[in-house]
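Engineer: Take 26 as the starting number for the sequence shown in this note's numbering and just add one per residue.
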Amino acid sequence: MKFFITGGLGFVGRKLSEILVRERHQVTVVERNPGGKPPPPPGVSVIAADASRSGSWQDILAQHDAVINLAGVSIFTRWSKSKKDEIYNSRILITRNVVDALKARKNKKTLFFSTSAVGYYGFHGDEAMTESSPSGDDFLARVCRDWEAEAMAAESYGVRVVITRFGVVLGRNGGALDVLSGIFRLRLGNRLGSGSQWFSWIHEDDLASLFLFLINNGNISGPFNCTSPGPVTNSVLTRALNKALGTIPLVPPAPGFLMKLALGEFGDFLLKGQKAVPQRLIEAGFGFTHTDIRKALADLCRKGGQPEGGS
26 MKFFITGGLG FVGRKLSEIL VRERHQVTVV ERNPGGKPPP PPGVSVIAAD ASRSGSWQDI
86 LAQHDAVINL AGVSIFTRWS KSKKDEIYNS RILITRNVVD ALKARKNKKT LFFSTSAVGY
146 YGFHGDEAMT ESSPSGDDFL ARVCRDWEAE AMAAESYGVR VVITRFGVVL GRNGGALDVL
206 SGIFRLRLGN RLGSGSQWFS WIHEDDLASL FLFLINNGNI SGPFNCTSPG PVTNSVLTRA
266 LNKALGTIPL VPPAPGFLMK LALGEFGDFL LKGQKAVPQR LIEAGFGFTH TDIRKALADL
326 CRKGGQPEGG S
């Protein structure tokens with residue numbers, strides 16, 4: 026198959042590109058500033074374009090059998106009014122442009138993966154969130170709900186649409202674990218607030234495998250929680266990562282009120298979290314390899330060049 030990936034030179038995009046090329050698929054990625062990113066994996070073609078704007082890249086997209094939409098401004102910053110607009114608009118406009126390009130593939134067999142996040146569900150404490158759970162009403166939930174609605178519009182052209190609601194992707198060469206490991210190696214890694222908030226995560230290898238699983242199961246569509254079936258609290262995550270890195274924190278837990286003061290609404294988001302479970306993937310027969318956060322982190326830290334138990 027011929028795959029077109031928006032945000033394909035990012036952390037997740039590179040991982041998926043490598044796997045797809047290995048599976049003998051053709052891969053083209055679009056990036057606004059590819060010169061500012063590491064070079065693409067071998068065999069991957071790159072288009073320099075701003076996907077939030079209409080352009081000739083849409084004609085190229087229409088020549089592909091499948092699209093994976095990963096692009097969007099990072100949420101990991103203080104949410105000012107202008108930053109919230111940027112977070113929202115980047116996702117809505119890019120997805121709208123992708124769907125507009127898919128019009129040209131009407132009545133052709135086409136697969137469209139569009140990213141979302143488990144933030145879709147809002148905050149429900151210890152309640153497990155499945156794909157049938159309702160959307161929340163906070164900022165990130167509204168972003169995800171509108172983002173998904175834009176993507177689902179492609180169904181009117183006969184496109185098979187799969188919504189991938191990501192938890193936090195843990196991987197070896199970037200993403201959240203790269204940032205967290207740097208902090209924890211400085212012995213600054215401790216729980217956030219009470220530490221009782223849920224952390225829905227997924228190992229990068231399971232994420233890549235589930236994409237291949239969904240590609241090869243052409244009769245399923247709609248939303249899927251892309252998370253491990255073993256969500257953990259922030260306290261458990263903190264202990265597991267310190268153990269994997271062989272570190273002991275020198276700082277006390279971060280007080281919730283200071284996080285809210287420093288990060289505003291985003292700080293409040295970090296203190297709540299979601300307990301998402303991948304019910305539809307399990308029902309469809311997908312088998313996860315990494316379900317224990319301790320073993321997953323030990324695996325990632327070891328294979329990332331840091332010996333297990335090292336400092």
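Yeah, the Cβ is synthetic: ideal placement off N, Cα and C, and Gly gets one too.
According to the neighbour-count rule (16 or more other Cβ atoms, all chains shown, within 10 Å of its Cβ), is residue 286 buried or exposed?
Structural biologist: The residue you call residue 286 lines up with position 261 of the sequence shown. It is exposed - the Cβ of residue 286 has fewer than 16 other Cβ atoms within 10 Å.
Engineer: Please check the pair residue 205 and residue 199, which I expect to be a contact at CB under 8 Å, by giving their CB distance rounded to whole angstroms.
Structural biologist: Residue 205 sits at position 180 when you count from the first residue of the sequence shown. Residue 199 sits at position 174 when you count from the first residue of the sequence shown. The Cβ separation is near 12 Å, so there is no contact.
Engineer: Mind pulling the alpha helix (DSSP H) runs of 4 or more residues that sit fully within the segment 84-129?
Structural biologist: Whole alpha helix (DSSP H) segments, 4+ residues: 106-127.
Engineer: Assign residue 65 to buried or exposed, taking buried as 16 or more other Cβ atoms, counted over all protein chains shown, within 10 Å of its Cβ.
Structural biologist: Looking up residue 65 in the sequence shown gives position 40. Answer is buried; the Cβ neighbour count reaches 16.
Engineer: Nearest to residue 74 by CA position, among 68, 67, 85, is which residue?
Structural biologist: Reading the sequence shown from its first residue, position 49 is the one you call residue 74. Checked all of 68, 67, 85; the closest Cα to residue 74 is 85.
Engineer: Whether or not the segment 147-158 and the segment 130-139 are in contact is what I'm after, with contact meaning three or more pairs of Cβ atoms, one per stretch, closer than 8 Å; do they touch?
Structural biologist: Segments in contact, no.
Engineer: Classify residue 330 as helix, strand or coil using the three-state DSSP reduction.
Structural biologist: Along the sequence shown, one-based indexing puts residue 330 at 305. Here residue 330 scores only 43 on pLDDT, less than 50, and its place in the model is too uncertain to base an answer on.
Engineer: Determine the DSSP secondary structure at residue 301, reduced to helix, strand or coil.
Structural biologist: The count along the sequence shown starts at 1 and reaches residue 301 at position 276. Looking at residue 301 - three-state DSSP - the assignment turns out to be strand.
Engineer: Buried or exposed: residue 196, going by 16 or more other Cβ atoms within 10 Å of its Cβ?
Structural biologist: Position 171 of the sequence shown, counted from the start, is the residue given in the question as residue 196. Buried is the call here.
Engineer: Between residue 71 and the rest of its own chain, which residues show a CB-CB distance below 6 Å, the 5 nearest in sequence each way excluded?
Structural biologist: Translated into positions along the sequence shown, residue 71 becomes position 46. Only 54, 59, 65 meet the Cβ criterion.
Engineer: For the segment 221-229 and the segment 273-280, state whether three or more C-beta atom pairs, one from each stretch, are separated by less than 8 Å.
Structural biologist: Verdict: no, contact absent.
Engineer: Do the segment 304-316 and the segment 236-254 make contact, defined as three or more Cβ pairs closer than 8 Å?
Structural biologist: At 8 Å Cβ cutoff, the stretches touch.
Engineer: Measuring CB atoms only, is the segment 317-328 touching the segment 168-177, in the sense that at least three cross pairs come out at less than 8 Å?
Structural biologist: Flag = no, the segment 317-328 and the segment 168-177 do not touch.
Engineer: What is the DSSP secondary structure of residue 264, counted as helix, strand or coil?
Structural biologist: Along the sequence shown, read from residue 1 onward, the residue named residue 264 stands at position 239. Helix at residue 264.
Engineer: Check whether the Cβ atoms of residue 239 and residue 245 sit closer than 8 Å, and answer yes or no.
Structural biologist: Numbered from its first residue, the sequence shown carries residue 239 at position 214. Numbered from its first residue, the sequence shown carries residue 245 at position 220. Against a cut-off of 8 Å, the Cβ pair of residue 245 and residue 239 comes out as a contact.
Engineer: What separation, rounded to the nearest whole angstrom, lies between the Cα atoms of residue 232 and residue 194?
Structural biologist: Here residue 232 corresponds to residue number 207 of the sequence shown, with the count starting at 1. Here residue 194 corresponds to residue number 169 of the sequence shown, with the count starting at 1. So the two alpha carbons sit approximately 8 Å from each other.
Engineer: Whole angstroms are fine: how far does the CA of residue 258 sit from the CA of residue 313?
Structural biologist: On the sequence shown, position 288 is the one that residue 313 refers to. On the sequence shown, position 233 is the one that residue 258 refers to. Going from the Cα of residue 313 to the Cα of residue 258 covers about 20 Å.
Engineer: Helix, strand or coil for residue 29 per DSSP?
Structural biologist: By one-based count along the sequence shown, residue 29 stands at place 4. Three-state DSSP puts residue 29 in a strand.
Engineer: Tell me whether residue 241 sits in a helix, a strand or coil according to DSSP, three-state version.
Structural biologist: Counting from one through the sequence shown, the residue named residue 241 turns up at place 216. Reduced to three states, the DSSP call for residue 241 is helix.
Engineer: Considering only the alpha carbon of each residue, which of 279, 172, 291 lies closest to residue 118?
Structural biologist: Working through the sequence shown from its first residue, we reach residue 118 at position 93. Minimum Cα distance to residue 118 is reached at 172.
Engineer: Should residue 103 go down as buried or exposed, given a rule of 16 or more other Cβ atoms within 10 Å for buried?
Structural biologist: Position 78 of the sequence shown, counting from 1, holds the residue named residue 103. By the 10 Å Cβ count, residue 103 comes out exposed.
Engineer: Residues in the same chain with beta-carbon distance under 7 Å from residue 39, minus the five sequence neighbours each way, listed in chain order, please.
Structural biologist: The count along the sequence shown starts at 1 and reaches residue 39 at position 14. Here the set comprises 66.
Engineer: Provide the residue(s) that pair with residue 154 in DSSP beta bridges, ordered along the chain.
Structural biologist: As a first step, residue 154 must be located in the sequence shown, where it is residue number 129. Paired residues: 301.
Engineer: For residue 216, which option in 189, 210, 51, 264 has the closest C-alpha, if you only look at C-alpha atoms?
Structural biologist: Counted from its first residue, the sequence shown places residue 216 at position 191. Taking only the C-alpha atoms, the option nearest residue 216 is 264.
Engineer: Can you tell me whether residue 122 is buried or exposed? The criterion is at least 16 other CB atoms within 10 Å of its CB, across all chains shown.
Structural biologist: The residue given as residue 122 occupies position 97 in the sequence shown. Its Cβ being crowded by 16 or more others within 10 Å, residue 122 is buried.
Engineer: Residue range of the alpha helix (DSSP H) that residue 206 falls in?
Structural biologist: Numbered from its first residue, the sequence shown carries residue 206 at position 181. Its alpha helix (DSSP H) spans residues 200-210.
Engineer: What number of angstroms, rounded off, separates the C-alpha of residue 22 from the C-alpha of residue 125?
Structural biologist: Since the first and last residues shown for the chain are 26 and 336, residue 22 lies out of range.
Engineer: Contact defined as beta carbons within less than 8 Å: I believe residue 144 pairs with residue 185. What is the distance between those atoms, to the nearest angstrom?
Structural biologist: One-based indexing of the sequence shown puts residue 144 at position 119. One-based indexing of the sequence shown puts residue 185 at position 160. About 24 Å separates the two Cβ atoms, so there is no contact after all.
Engineer: Work out the CA separation of residue 100 and residue 189 for me, nearest whole Å.
Structural biologist: Here the question's residue 189 lines up with position 164 in the sequence shown. Here the question's residue 100 lines up with position 75 in the sequence shown. Near 17 Å, if we compare the C-alpha coordinates of residue 100 and residue 189.
Engineer: When you compare only the Cα positions, how much space is there between residue 112 and residue 26?
Structural biologist: Locating residue 112 in the sequence shown gives position 87, counting from the first residue. Locating residue 26 in the sequence shown gives position 1, counting from the first residue. Roughly 31 Å between the two C-alpha positions.
Engineer: List the residues that DSSP assigns as beta-bridge partners of residue 175.
Structural biologist: Along the sequence shown, one-based indexing puts residue 175 at 150. According to DSSP, residue 175 bridges with nothing at all.
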